[in-house]
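First comes the structure, then the notes that go with it.
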Amino acid sequence: MSKVSDVKRNVLEANEREAARLRDAFAGSGTLVANLISSPGAGKTTLLEATAARLKDRFSMAVVVGDIATERDAERLRDMGIPARQILTGGACHLDARMVAGSFDEAGFPALDLLFVENVGNLICPTSYDLGEDFKVALLSVTEGDDKPFKYPGIFSRAEVTVVTKTDLLPHVDFDLDAVRRQVATLRPGGTILVTSVRSGEGIGDWIRLIETRLSAKRSHGA
Ligand SMILES: Nc1nc2c(ncn2[C@@H]2O[C@H](COP(=O)(O)OP(=O)(O)OP(=O)(O)O)[C@@H](O)[C@H]2O)c(=O)[nH]1
Ligand SMILES: [Mg+2]
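What the sequence shown shows, in this note's numbering, is residues 11 to 233, in sequence order.
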């Protein structure tokens, strides 16, 4: 049992060192990095498509996306006109910093303003792996149930931003937004909650403003 925890601790420590190297590199280039985490199908790629549509003409941006199989999400993002690199994890249920660093180097991205990392769809495994990001974003779609923050406290306490997605579907599901707000406020006091729908456009402007504000804060901090 203790050997298993030793191995796990060593893996996480090695990841922390690689993540620190990535964070230094992104500080040097002034690149804002967001790590998007959710269960499968909550709407990560769709939100990134909407983000690309609104920001790609003003900022240089790219996406690194992790999945256990298929190039599909990277293709969707390339179709939106932004460079995207797919990492196939070979079954692993999360990205780690080494995978992101390798993929980023191979991709030969130009100096970027924005890098979005779409993690493997999973609310548990990606939570413990720092990828050198500026902040984690947890997405929760209204079809998943309003009890999820307390059931998966790791991600909702570590994510600076929680994005509730697919609010156009609210009339069809039992989902108490206030209950989610209360849980997130308990797990992440002072955290940001955005309530969004790519279909109706609700909250997408708030998301875009958050990205712009965070980028300009990072740039003025680094200047
Ligand atoms: N009604 C509605 N559907 C949405 C919205 N956002 C995404 N979807 C749909 O939800 C499904 C999953 O969306 P994706 O963006 O592929 O989800 P994902 O989180 O990237 O999924 P994985 O990469 O497989 O984990 C797709 O059919 C989307 O069209 C929304 O705001 N409203
Ligand atoms: Mg996706």
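The C-beta atom is built at its ideal place from N, Cα and C for all residues, glycine as well.
Any non-hydrogen atom of ligand 2 closer than 6 Å to residue i Cβ
i	result
Phe161	According to the sequence shown, residue 161 is Lys rather than Phe. Not under cutoff, so the answer is no.
Asp83	yes
Thr55	yes
As assigned by DSSP and simplified to three states, the class of residue i
i	result
Met90	coil
Val208	coil
Glu59	helix
Ile134	coil
Leu42	strand
Ser48	coil
Lys66	coil
Glu143	coil
Any non-hydrogen atom of ligand 1 closer than 6 Å to residue i Cβ
i	result
Gly131	yes
Gly51	yes
Arg234	It is not possible to answer for residue 234, since the shown part of the chain is limited to 11 through 233.
Lys146	no
Leu179	yes
Lys158	no
Lys176	yes
Ser48	yes
Whether residue i touches residue j by CB criterion (7 Å)
i	j	result
Ala121	Arg95	no
Ala169	Val205	no
Val75	Glu23	no
Thr172	Val194	yes
Ser138	Thr175	no
Asp123	Asn25	no
Ser49	Leu133	yes
Leu225	Leu32	no
Ala84	Phe119	no
Ala62	Ile92	yes
Leu149	Ala52	yes
Ser230	Asp178	no
Cutoff 7 Å: residue i Cβ touching any chain D Cβ
i	result
Ser138	The displayed structure is made up of one protein chain only, and chain D is not part of it.
| field | Complete beta strand (DSSP E) runs within the stretch 154 to 201 (minimum length 3 residues, chain order) | value | 171 to 175
| request: Mind listing, in chain order, the continuous alpha helix (DSSP H) runs of no fewer than 4 residues lying wholly within the stretch 73 to 124? | output: 82 to 89 and 107 to 117
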